[in-house]
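Peer 1:
Protein chains in written order, with the working numbering: chain A, 1 to 116; chain B, 117 to 232.
Below is the structure:
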């Protein structure tokens with residue numbers, strides 16, 4: 001059993017192609033003994049976004065704070081706001097981006113432990 | 117891909133032994149095509165709690181709102197507040213309970229899709 005607050009979880013900048021103004025935390029993962037999946041948290045600052053990418057694993061998201069968009073392969077933008085859940089299926093190309101001028105978009109991104 | 121707000125997700129009372137003042141929502145599950153796990157949300161009203169139980173699946177939790185406790189087999193209470201994450205391993209006996217007098221405890225409870 002483990003309990004940890006988000007504010008006590010280490011935060012690192014995501015420095016990879018396609019990422020901008022992006023931070024990551026990993027409160028729960030296989031390193032804690034989680035048998036099958038992990039919970040990461042991404043903070044997307046204004047003008048920021050994740051890479052536009054796809055992969056063999058799904059994402060399950062919850063929006064903790066802020067407003068943004070989940071961008072699909074066709075360019076369609078699903079609006080995201082606090083209290084929203086999202087499911088991105090394997091191989092669906094996607095990007096999360098912040099659409100507000102003045103505050104971060106903070107989202108949970110749960111994935112199979114093999115992905116992270 | 118699916119986006120749904122918590123407020124638009126159907127809510128049902130949990131009526132089983134050991135549950136009190138407890139409500140459940142399931143924003144994402146295998147019914148949406150989720151390949152490996154589900155996100156449920158439990159609302160525990162004041163004086164409420166989940167059953168005191170254990171099972172072969174893990175729980176990954178995030179506290180959306182309120183304050184409460186994660187009670188262990190020995191009776192120890194890990195305090196829970198908004199912004200906390202928790203991991204309950206398979207076969208760890210546990211209960212979530214609301215410790216505030218005036219507001220709900222609202223938590224995400226992610227589980228392998230075989231569990232729900």
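Every residue gets a Cβ at the ideal spot worked out from N, C-alpha and C, and that includes glycine.
Because the structure is a prediction, the values reported are computed rather than measured.
Under DSSP, the beta strand (DSSP E) around residue 191/B begins and ends at which residues?
Peer 2: For the purposes of this step, residue 191/B is identified with residue 75 of the second chain, where counting begins at 1. From DSSP, residue 191/B is part of no beta strand (DSSP E); its letter is neither H nor E.
Peer 1: Determine contact between the segment 181 to 190 of chain B and the segment 209 to 229 of chain B, defined as no fewer than three beta-carbon pairs at a distance below 8 Å.
Peer 2: Flag = yes, the segment 181 to 190 of chain B and the segment 209 to 229 of chain B touch.
Peer 1: State the Cα-Cα distance for the pair residue 91/A and residue 150/B, rounded to the nearest angstrom.
Peer 2: Taking the first residue of the first chain as 1, we reach residue 91/A at position 91. Taking the first residue of the second chain as 1, we reach residue 150/B at position 34. Approximately 13 Å between the Cα atoms of the pair.
Peer 1: Over what stretch of residues does the beta strand (DSSP E) that includes residue 54/A continue unbroken?
Peer 2: Locating residue 54/A in the first chain gives position 54, where the first residue counts as 1. First-last for residue 54/A: undefined, no H or E at that position.
Peer 1: What residue range is occupied by the uninterrupted beta strand (DSSP E) comprising residue 83/A?
Peer 2: On the first chain, residue 83/A is found 83 positions in, with the first residue counted as 1. No beta strand (DSSP E) contains residue 83/A, which DSSP labels as neither H nor E.
Peer 1: If you reduce the DSSP assignment to three classes, tell me which class residue 32/A lands in.
Peer 2: Within the first chain, the letter at position 32 stands for residue 32/A. Looking at residue 32/A - three-state DSSP - the assignment turns out to be helix.
Peer 1: Opposite residue 96/A in the DSSP bridges: which residues?
Peer 2: As a first step, residue 96/A is located in the first chain; it is residue number 96 there, counting from the start. Answer by DSSP bridge pairing, in chain order: 70/A.
Peer 1: Given 8 Å as the limit, is there contact between the segment 27 to 46 of chain A and the segment 70 to 89 of chain A, that is, 3 or more CB pairs closer than that?
Peer 2: No, the segment 27 to 46 of chain A is not in contact with the segment 70 to 89 of chain A.
Peer 1: Which residue from 175/B, 142/B, 146/B and 176/B puts its Cα closest to that of residue 124/B?
Peer 2: Against the second chain, residue 124/B aligns to sequence position 8. Nearest C-alpha to residue 124/B: 142/B.
Peer 1: What residues in the segment 123 to 154 of chain B bring their beta carbon closer than 7 Å to a beta carbon of chain A?
Peer 2: Here the close residues are 123, 143, 144, 148, 149, 150, 151, 152 and 153.
Peer 1: Under 8 Å between C-beta atoms, does residue 107/A make it to chain B?
Peer 2: Counting from one through the first chain, the residue named residue 107/A turns up at place 107. So, not an interface residue.
Peer 1: So, with DSSP's three-state summary, where would you put residue 131/B?
Peer 2: As a first step, residue 131/B is located in the second chain; it is residue number 15 there, counting from the start. Three-state result, residue 131/B: coil.
Peer 1: Three-state secondary structure (DSSP) at residue 8/A?
Peer 2: Within the first chain, numbered from 1, the residue matching residue 8/A stands at position 8. DSSP places residue 8/A in helix when its eight states are reduced to three.
Peer 1: Between residue 83/A and chain B, is any beta-carbon pair separated by less than 8 Å?
Peer 2: Against the first chain, residue 83/A aligns to sequence position 83. Answer yes: the Cβ-Cβ gap between residue 83/A and chain B drops below 8 Å somewhere.
Peer 1: Can you grab the Cα-Cα spacing for the pair residue 38/A / residue 4/A, in whole Å?
Peer 2: Numbered from its first residue, the first chain carries residue 38/A at position 38. Numbered from its first residue, the first chain carries residue 4/A at position 4. Those two C-alpha atoms are separated by around 14 Å.
Peer 1: Among the candidates 118/B, 231/B and 232/B, whose CA atom is the shortest distance from the CA of residue 58/A?
Peer 2: Residue mapping note: residue 58/A aligns to position 58 of the first chain, counting from 1. Taking only the C-alpha atoms, the option nearest residue 58/A is 118/B.
Peer 1: Can you tell which of 164/B, 179/B, 196/B and 146/B has its C-alpha closest to the C-alpha of residue 131/B?
Peer 2: As a working mapping, residue 131/B is identified with position 15 in the second chain. The residue with the shortest Cα to Cα distance from residue 131/B is 164/B.
Peer 1: Leaving out the 5 sequence neighbours to the left and right, which residues in its chain are closer than 7 Å to residue 19/A when beta-carbon positions are compared?
Peer 2: Position 19 of the first chain, counting from 1, holds the residue named residue 19/A. Counting only Cβ-Cβ distances below 7 Å, and skipping sequence neighbours, we find 50 and 51.
Peer 1: For residue 226/B, count neighbouring C-beta atoms within 10 Å of its own C-beta (all shown protein chains included) and say buried if the count is 16 or more, exposed if not.
Peer 2: In the second chain, the residue the question calls residue 226/B occupies position 110. Label assigned to residue 226/B: buried.
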